[in-house]
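**Student:**
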Amino acid sequence: FTETRRVPLEGHPSEKTAGPGGFRAVLQYAFSPSGRRCAANVDSRLHVWDMQTGRLIKVIPEDPDGLPKLVGFSDLEFAGSDERILMSSLKSHALIDVVSGKILHANSGNRPFLHSDGKHLLTTRKDELVWLDLETGQD
């Protein structure tokens, strides 16, 4: 590293932004492949920031009472681009579109593995291996 740069992240959880008597748990962080975005699992909600401006781009789910919270996920990574995020645990995963906030694919299976091309996912379903094409959603 040749320089250190601080980018204040809008709406980043801290003691100042915690709810009354509440602690805001930041469970994971991930950077996008381009380095332009940063994502964090905060209190079972996905926060995505623009790293150039520090602006909060998206919180998923936007309405904490609308969609089920993204609970139980222990891993977070961008899936091949700045637009898709893979959240996973030992028993399930969800592929999320950052722009729309929609869950593109979800599965109950063992922890998935993202291929280095960012376009394919290997997981299990019952007693079989599943090779999923993330572009088409087909296995």
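Under this note's numbering, the first residue of the sequence shown is numbered 748, with each subsequent residue one higher. The beta-carbon is built from N, C-alpha and C at its ideal position, and this holds for glycine as well. In this text the structure is predicted, and so the values were computed from the model without any measurement.
May I have a chain-ordered list of the beta strand (DSSP E) segments no shorter than 3 residues that lie completely inside the stretch 787-857?
**Tutor:** 792-797, 803-807, 822-825, 831-835, 839-844 and 850-855, all fully within the stretch 787-857.
**Student:** Starting from Thr-889, follow the beta strand (DSSP E) in both directions and report where the run begins and ends.
**Tutor:** The chain is shown only over 748 to 886; residue 889 falls outside these bounds and no answer can be derived.
**Student:** Leaving out five residues on either side along the sequence, give the residues of the same chain with a beta carbon under 7 Å from the beta carbon of Gly-886.
**Tutor:** Start at 1 with the first residue of the sequence shown, and residue 886 comes out as number 139. Note that residue 886 is Asp in the sequence shown here, rather than Gly. Hits under 7 Å: Val-877, Trp-878 and Leu-879.
**Student:** On the DSSP letters alone, give me the boundaries of the beta strand (DSSP E) that Leu-879 sits inside.
**Tutor:** What you label residue 879 is simply residue 132 of the sequence shown in a count that begins at 1. Note, Leu-879: beta strand (DSSP E), 875-880.
**Student:** Tell me whether Arg-784 sits in a helix, a strand or coil according to DSSP, three-state version.
**Tutor:** Residue mapping note: residue 784 aligns to position 37 of the sequence shown, counting from 1. Reduced to three states, the DSSP call for Arg-784 is strand.
**Student:** Quickly, what does DSSP pair Gln-775 with across the bridge? List them, please.
**Tutor:** Residue 775 sits at position 28 when you count from the first residue of the sequence shown. Gln-775 pairs with Asn-788.
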